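Accompanying notes for the structure given below.
Protein chains: 2
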Amino acid sequence: MSSRKPPPPRVEPPNVPRERPGPAGGRRDANRRRRLAELCAAAEELFLAEGIAAVTVDQIVARAGVAKGSFYRYVRDTEELVATMIQPLADAMRAAITCAHAALESADAAATLTAIYRDLAAQLADAALAHPGLTTIYLQEARAPRVGPRRPICALSDEVERAAVTLTRAARDHGLLRTDYDLRVSALAAIGAADRILFAHLSDEFSGDPRDTVTDLVSVILDGVRSR
Amino acid sequence: MSSRKPPPPRVEPPNVPRERPGPAGGRRDANRRRRLAELCAAAEELFLAEGIAAVTVDQIVARAGVAKGSFYRYVRDTEELVATMIQPLADAMRAAITCAHAALESADAAATLTAIYRDLAAQLADAALAHPGLTTIYLQEARAPRVGPRRPICALSDEVERAAVTLTRAARDHGLLRTDYDLRVSALAAIGAADRILFAHLSDEFSGDPRDTVTDLVSVILDGVRSR
DNA sequence: GAATAACGTGACCGCTTAGTCACCATTCTA
DNA sequence: TAGAATGGTGACTAAGCGGTCACGTTATTC
């Protein structure tokens, strides 16, 4: 992990009181967000070091410096904490994918498709760089069995992969991708390759700008796919 | 998971008594191997369903139908059980890589390199098909933090990736791979892509022969890499 | 064939874990 | 400004966990 430590993510509290939540920006609202951010930051450090399934609530609250009862005031359990903490990354990924779909709607040349894919890869790399810890956890756990506290990450991964397949199919339907190669294989293979390379950058196996690495990689794979 | 359920793997007991192990093929030897195979089979089922870190010794021995004290007679802890159970897959992967290196030594044409890589991919796919449960667990956990019971899987993944980079570098040194593309990026991206596709086959997201899918994928990536 | 190491066992031990709770403090609503 | 909802707490509860143990059985060694 690079030495740059980003600020705790701005997460949306999943459980806000119904009757007297206090005004937006009020003391209660601010305290609630701060506490939740502290819990998320503590959980992130521990999940990176040990893996989600091995981290206990006691470890999280000790690292965050809050009482155990507070943990359960803000989240139902560890799974809900995971769902909460990955929201910023999930939002950024969804934004990148939405952007790519929009660009595809108005694309009209095969060369433009390459640019769209490269831009998508760059935006996903930017999302990763904005949330290096979360992305590392995401990449570590995305293929886990879909049970327990890792489930929100697996669900996000499933969603991203479905979107990638949908995007690739739309490209073919627009006549921008002419290949006999299986669309799902190419979409999932590209994700698998990009994920591994991103993971290498985030764990300092590689140096340099990951944006460059993953956009070049996407071109390489697209060229290979087109040659079929 | 396909309905075909392979027999329990033949694993080598990690802890054999020193003084009176009994003769090879004797009652004790046979019982020891059978018990260990039962523990491995039970663990595999549970690891697939819940993930390694969430499975307890009590669950494993209950599923295997052996007493808890027996568990500790045959393995030190869950980590050693994981190391033991993945040996057949590890051996098969090492054999495939060794084969590819040997083939590379006597290769003399760029087209032969494609054949070597395809053959390697096919052999790794065969290894996966011979051990579908183990491979699925491997693919689920290979990027986990390198602590705790998942460590043997992470170590195997690191070894396989180093070997892939070494193989790619040897190909370039033999003049069989001419590209300006970063060798490590191409090696790890190919593994990342192949792993995702293999995972799709093993979890029945894809039908058809995974050998065909991954060998074609390797060609696609190699073609893309060479075009740089 | 007697002796010895290895095996099989499941209760047990000490500790850990998720989640709750009752009480006091704080914030905000009417 | 009084009252009510919300927050903060850490001891507590009930259950679970890793790992051990002492004893009887079995297999093998000399």
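Chains as they are written, first to last, in my numbering: chain A, 12 to 239; chain B, 12 to 239.
We treat Cβ as the ideally placed atom computed from N, Cα and C, and that holds for glycine.
For clarity, every value in this text was computed on a predicted model and none was experimentally measured.
Interface annotation for the region 149-165 of chain B against chain A: Leu150, Gln151, Glu152, Arg154, Ala155, Pro156, Val158, Gly159 and Arg161, criterion Cβ-Cβ distance under 8 Å. Apart from the 5 residues on each side of it in sequence, Val171(B) sits with its Cβ closer than 8 Å to the Cβ of Met104, Ile108 and Ile202 in its chain, given in chain order.
Neighbours of Asp234(B) in chain A, taken as residues at a C-beta separation under 8 Å, are given in chain order as Asp234, Gly235 and Ser238. When the Cα atoms are used, Ala122(B) and Glu116(A) turn out to be separated by approximately 40 Å. CA-to-CA, the gap between Ser214(B) and Leu150(A) works out to about 18 Å.
For the region 102-181 of chain B, the full-length alpha helix (DSSP H) segments reaching 4 residues or more read 121-141 and 143-152 along the chain.
With 16 or more neighbouring CB atoms inside 10 Å of its own CB, Gly144(B) falls in the buried class. For Tyr83(B), the enclosing alpha helix (DSSP H) starts and ends at Lys79 to Tyr85. The contact set of Tyr128(B) on chain A, defined by CB atoms closer than 7 Å, is empty, because the minimum CB distance reaches about 13 Å. As the crow flies, the alpha-carbon of Arg180(B) is around 7 Å from that of Leu194(B).
Between Arg44(B) and Pro25(B), the beta carbon gap of about 12 Å keeps them out of contact (Cβ cut-off 8 Å). Under the three-state reduction of DSSP, Leu194(A) is assigned to helix. By the neighbour-count criterion, in which a residue is buried when 16 or more other Cβ atoms sit within 10 angstroms of its Cβ, Arg207(B) is buried. With fewer than 16 other Cβ atoms inside 10 Å of its own Cβ, Tyr83(B) counts as exposed. Straight-line measurement puts the Cα of Ala113(B) at about 41 Å from the Cα of Asp130(A).
Contact of Ala200(A) with chain B is assigned, a C-beta pair being separated by under 8 Å.
Bounds of any alpha helix (DSSP H) do not take in Val22(B), whose DSSP letter is neither H nor E. For chain A, the residues of the region 202-214 of chain B that bring a beta carbon within less than 7 Å of one of its beta carbons are Ile202, Gly203, Ala204, Asp206, Arg207, Ile208, Phe210 and Ala211, in chain order. According to the DSSP assignment, Phe58(A) belongs to the alpha helix (DSSP H) that extends over Arg38 to Glu61. For Ala64(A), there is no enclosing alpha helix (DSSP H), as DSSP marks it with neither H nor E.
Out of Arg31(B), Ile71(B) and Tyr192(B), the CA that lies nearest to the CA of Glu49(B) is found in Ile71(B). With respect to chain B, the C-beta atom of Gly144(A) has no partner C-beta closer than 8 Å. Taking a beta-carbon distance threshold of 8 Å, Thr224(A) counts as an interface residue toward chain B. Sequence-distant partners of Thr226(B) (beyond 5 residues in either direction) whose C-beta falls short of 6 Å from its own C-beta, in its chain, are Arg129, Ala132 and Ala133. Contact of Glu61(A) with chain B by beta-carbon distance below 9 Å involves Ala64, Pro156, Val158 and Gly159. Closer than 8 Å to the CB of Leu100(A) there is not a single CB belonging to chain B.
The region 164-178 of chain A and the region 216-223 of chain A do not touch, with fewer than 3 CB-CB distances between them shorter than 8 Å.
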